[in-house]
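Student: Please find one structure pasted underneath; my questions will follow.
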Amino acid sequence: MKRILLFFMVFVTMIASLSATKLTEQILKGKGYYIEAAENPEKTKIARAYFEDLNRLHPEEPFVEVYLGSVYYLEARDAGFPLDKMKWANRGNKQFDAAVAHAPDNIFLRMDRGKNSLYLPGIMGRFKVAVEDFTFLGQTVPQMSDHEIYTTQGAALYLREGETEKAFAVRMRQFVLYYEGHMALKEKEGKKAAQ
873 MKRILLFFMV FVTMIASLSA TKLTEQILKG KGYYIEAAEN PEKTKIARAY
923 FEDLNRLHPE EPFVEVYLGS VYYLEARDAG FPLDKMKWAN RGNKQFDAAV
973 AHAPDNIFLR MDRGKNSLYL PGIMGRFKVA VEDFTFLGQT VPQMSDHEIY
1023 TTQGAALYLR EGETEKAFAV RMRQFVLYYE GHMALKEKEG KKAAQ
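Rendered as structure tokens:
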């Protein structure tokens, strides 16, 4: 009986692992569509359809939500009418917020949401979200070891080809330092403008 139970547990673990690997491959494939859409607005609808389908299959997968939110931002970029731009940007914001709600401690999700929130127009009211995310990153990333950064869920989606664990961790820390400085400058400019 114990052997059957052990076999069943190993089998379920293997299936879950294969499923996670398959999902990562699907997200990486979609990342290719996203990159094409970022370079060529005519490809945006293809990327959106891909990630909307993937989101229907995996509705609570935060990295699918983040890429779908990013594609919605591309739709906002490509929209001609200002209200359409706001509609797509708001859809993107909802996807980013849902992703962070599903995995609030994930540095990559926070990095993407903070970066995207930072560059939206002030009327969207996302600067506070950017401050929250970069404050979290500034407190979390410096305390993480290179290995922790490299093995955080989703790291495979951000790795560059041939990048070592140490190089990846250094790049993530540089990113956080750059945006902490950028945030401080924006906050300082905001205080000056208010005076």
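Numbering follows the working numbering, with no gaps: position 170 of the sequence shown is 1042. Ideal Cβ positions, reconstructed from N, Cα and C, are used throughout, including at glycine.
Candidates 1041, 896 and 991: which alpha carbon is nearest residue 1014's?
Tutor: For the purposes of this step, residue 1014 is taken as the residue at position 142 of the sequence shown. The candidate whose alpha carbon is nearest that of residue 1014 is 1041.
Student: Can you list, in chain order, the residues of its chain whose CB lies under 6 Å from that of residue 1051, leaving out five sequence neighbours each side?
Tutor: Here residue 1051 corresponds to residue number 179 of the sequence shown, with the count starting at 1. So the list reads 1006, once near-sequence residues are dropped.
Student: Quick one: is residue 934 buried, meaning 16 or more other Cβ sit within 10 Å of its Cβ, or exposed?
Tutor: Here residue 934 corresponds to residue number 62 of the sequence shown, with the count starting at 1. When all chains shown are included, residue 934 counts as buried.
Student: Whole angstroms is fine: what's the gap from residue 1058's alpha carbon to residue 1048's?
Tutor: By one-based count along the sequence shown, residue 1058 stands at place 186. By one-based count along the sequence shown, residue 1048 stands at place 176. Distance between the alpha carbons of residue 1058 and residue 1048 is about 15 Å.
Student: Please report how far the alpha carbon of residue 1055 lies from the alpha carbon of residue 1062, in whole angstroms.
Tutor: On the sequence shown, residue 1055 is found 183 positions in, with the first residue counted as 1. On the sequence shown, residue 1062 is found 190 positions in, with the first residue counted as 1. Each residue's alpha carbon lies about 10 Å from the other.
Student: Between the C-alpha atoms of residue 939 and residue 931, what's the straight-line distance to the nearest angstrom?
Tutor: For this step, residue 939 is matched to residue 67 along the sequence shown. For this step, residue 931 is matched to residue 59 along the sequence shown. Looking at the two C-alpha atoms, the distance is approximately 13 Å.
Student: Which ranges would you report for the alpha helix (DSSP H) in the stretch 924–978 if only whole runs of at least 4 residues count?
Tutor: You should have 934–950 and 954–974.
Student: I need the straight-line Cα distance from residue 1044 to residue 960, nearest angstrom please.
Tutor: Reading the sequence shown from its first residue, position 172 is the one you call residue 1044. Reading the sequence shown from its first residue, position 88 is the one you call residue 960. Rounded to the nearest angstrom, the two C-alpha atoms are 28 Å apart.
Student: Check the C-beta distance from residue 970 over to residue 943 and give it rounded, since I have them as a contact under 8 Å.
Tutor: Position 98 of the sequence shown, counting from 1, holds the residue named residue 970. Position 71 of the sequence shown, counting from 1, holds the residue named residue 943. Not confirmed; about 14 Å, so no contact.
Student: Go ahead and pull the three-state DSSP assignment for residue 991.
Tutor: Residue numbering aside, residue 991 sits at position 119 when the sequence shown is read from its first letter. The answer is coil: DSSP assigns residue 991 none of H, G, I, E or B.
Student: Looking at C-alpha atoms only, which residue of 911, 983 and 987 is the closest neighbour of residue 1098?
Tutor: Only positions 873 to 1067 of the chain appear in the structure, and residue 1098 is not among them; the question remains open.
Student: Among the residues of its own chain, which have a CB less than 6 Å from the CB of residue 1019, if the five just before and after it don't count?
Tutor: On the sequence shown, residue 1019 is found 147 positions in, with the first residue counted as 1. Here the set comprises nothing.
Student: Between residue 963 and the rest of its own chain, which residues show a CB-CB distance below 6 Å, the 5 nearest in sequence each way excluded?
Tutor: Locating residue 963 in the sequence shown gives position 91, counting from the first residue. For residue 963, where only same-chain residues beyond five positions count, the Cβ hits under 6 Å are 944.
Student: Can you check whether the CB of residue 1030 is closer than 8 Å to the CB of residue 980?
Tutor: As a working mapping, residue 980 is identified with position 108 in the sequence shown. As a working mapping, residue 1030 is identified with position 158 in the sequence shown. A contact, by the Cβ cut-off of 8 Å.
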